[in-house]
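Asks: One structure, pasted below without further comment.
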Amino acid sequence: MISVDAFPYPYRFDPRTTALVVIDMQRDFIEEGGFGSALGNDVGPLAAIVPTVAALLAGARDAGMAVAHTRESHLPDLSDCPPAKRRRGNPALAIGDAGPMGRILVRGEPGNQILPQLAPLPGEIVIDKPGKGAFYATDLHAQLQARGVTHLLLAGVTTEVCVQTSMREANDRGYECLIVEDACASYFPAFHQATLAMLTAQGGIVGWQAPLSALQRALAAPTGETT
Ligand code: C5J
Numbered sequence: 001m002i003s004v005d006a007f008p009y010p011y012r013f014d015p016r017t018t019a020l021v022v023i024d025m026q027r028d029f030i031e032e033g034g035f036g037s038a039l040g041n042d043v044g045p046l047a048a049i050v051p052t053v054a055a056l057l058a059g060a061r062d063a064g065m066a067v068a069h070t071r072e073s074h075l076p077d078l079s080d081c082p083p084a085k086r087r088r089g090n091p092a093l094a095i096g097d098a099g100p101m102g103r104i105l106v107r108g109e110p111g112n113q114i115l116p117q118l119a120p121l122p123g124e125i126v127i128d129k130p131g132k133g134a135f136y137a138t139d140l141h142a143q144l145q146a147r148g149v150t151h152l153l154l155a156g157v158t159t160e161v162c163v164q165t166s167m168r169e170a171n172d173r174g175y176e177c178l179i180v181e182d183a184c185a186s187y188f189p190a191f192h193q194a195t196l197a198m199l200t201a202q203g204g205i206v207g208w209q210a211p212l213s214a215l216q217r218a219l220a221a222p223t224g225e226t227t
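Right under this line is the structure:
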């Protein structure tokens, strides 16, 4: 059993029943010249967490945890994209349009790929999700259940949109969730901080938060308990 020095109180998990879920570390959100930056966002805060996410992935793999990666993506015919989602924000570049790295948020396009340095390994779960949450219209819950997963560590982008939505969905499905606070980022740093605060308020109403260093310390010093 592992006990992490987390907020609002220690988070205990067994790596055998825990999965790391890395949300939407896709080129279009993170790379300069992608969709995110074409919309005028500063991708700096997102790019800055890449080494932390890489270290988190390495630690989870070393500890034998299940690993899942998500991509926000749509079918090429956009049949899984509600018109409201496509219209939202009255964008100059809409989902499905030709963007700087291929069609925006369309499966298989270059910008839709996970950053090569964080690429899934064979056997890891890869989820293409049409919504913000990782559980909506996907088989993520079924895949986690099939592996006996009860606890989730969450990372990725953006903290207040797809990470937060996924953590709330997971919490409602009974998972014990910890958000790895420095392995998530937002284009708006104030939203990142506010999201962490609202997820862990009221005694951890949605779950726990901890930095990667706390997780690494805990993994290096398991308690020895087996239950
Ligand atoms: C957004 C995401 N922000 N992955 N997607 O539209 O958070």
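With UniProt numbering applied, the sequence shown corresponds to residues 1 to 227, in that order.
Backbone N, C-alpha and C define an ideal beta-carbon position, used for all residues, glycine too.
Please report how far the alpha carbon of F13 lies from the alpha carbon of A47, in whole angstroms.
Replies: The alpha-carbon atoms of F13 and A47 are separated by roughly 29 angstroms.
Asks: What do you get for S79, buried or exposed, if any count of 16 or more other CB atoms within 10 angstroms of its CB means buried?
Replies: Label assigned to S79: exposed.
Asks: Can you check which of these residues, R173, T158, A220 and A214, is closest to L196 by C-alpha distance?
Replies: Ranking the options by Cα distance to L196, first place goes to T158.
Asks: Mind checking whether the beta-carbon of V22 lies closer than 6 angstroms to any heavy atom of the ligand C5J?
Replies: Result no, Cβ not under 6 angstroms from the ligand C5J.
Asks: Are there any heavy atoms of the ligand C5J lying less than 6 angstroms away from the beta-carbon of C162, as far as the coordinates show?
Replies: Under cutoff, so the answer is yes.
Asks: Using CA atoms only, rank isn't needed, just tell me which of D24, A84 and Q216 is closest to R71.
Replies: That would be D24, whose Cα lies nearest to the Cα of R71.
Asks: Is T138 near the ligand C5J, in the sense that its beta carbon is under 6 angstroms from a heavy atom of that ligand?
Replies: T138 Cβ: outside cutoff for every heavy atom of the ligand C5J.
Asks: Determine the DSSP secondary structure at A180, reduced to helix, strand or coil.
Replies: Contrary to the premise, residue 180 reads as Val rather than Ala in this sequence. It is a strand residue.
Asks: Please check the pair Q113 and R27, which I expect to be a contact at CB under 8 angstroms, by giving their CB distance rounded to whole angstroms.
Replies: Sure, about 6 angstroms apart at Cβ, within 8 angstroms.
Asks: Ignoring anything shorter than 3 residues, give me the beta strand (DSSP E) runs that lie fully in the region 16–70, in order along the chain.
Replies: Those beta strand (DSSP E) runs which fall completely within the region 16–70 and span 3+ residues are 18–23.
Asks: Tell me which residues share the same chain as residue 228 and place their Cβ nearer than 7 angstroms to its Cβ, disregarding the 5 neighbours each side in the sequence.
Replies: Outside the shown range of the chain (1 to 227) lies residue 228, about which nothing can therefore be said.
Asks: What do you get for T227, buried or exposed, if any count of 16 or more other CB atoms within 10 angstroms of its CB means buried?
Replies: Because T227 carries a pLDDT of 49, less than 50, the predicted location of this residue cannot be relied on, and the following value inherits that uncertainty. That one is exposed.
Asks: Assign A72 to one of three DSSP states: helix, strand, or coil.
Replies: Sequence check: residue 72 is Glu here, not Ala. The answer is strand: DSSP assigns E72 an E or B state.
Asks: From V206 to H141, what distance separates their C-alpha atoms?
Replies: So the alpha carbons of these two residues sit roughly 17 angstroms apart.
Asks: Any idea what DSSP makes of S3, helix, strand or coil?
Replies: Three-state result, S3: strand.
Asks: Do you know how far the Cα of L144 is from the Cα of L212?
Replies: Rounded to the nearest angstrom, the two C-alpha atoms are 22 angstroms apart.
Asks: Give the single residue among V163, A63 and G99 whose Cα lies nearest to the Cα of F135.
Replies: For the residues V163, A63 and G99, the minimum Cα distance to F135 belongs to V163.
Asks: What number of angstroms, rounded off, separates the C-alpha of E160 from the C-alpha of I2?
Replies: Cα-Cα distance, rounded: 27 angstroms.
Asks: Cα separation between D137 and I127?
Replies: According to the sequence displayed, residue 137 carries Ala and not Asp. Using only the alpha carbons, I get a separation of about 10 angstroms.
Asks: Suppose you measure from the CA of G174 to the CA of T150; what does that come to, to the nearest Å?
Replies: Going by the C-alpha atoms only, they are around 8 angstroms apart.
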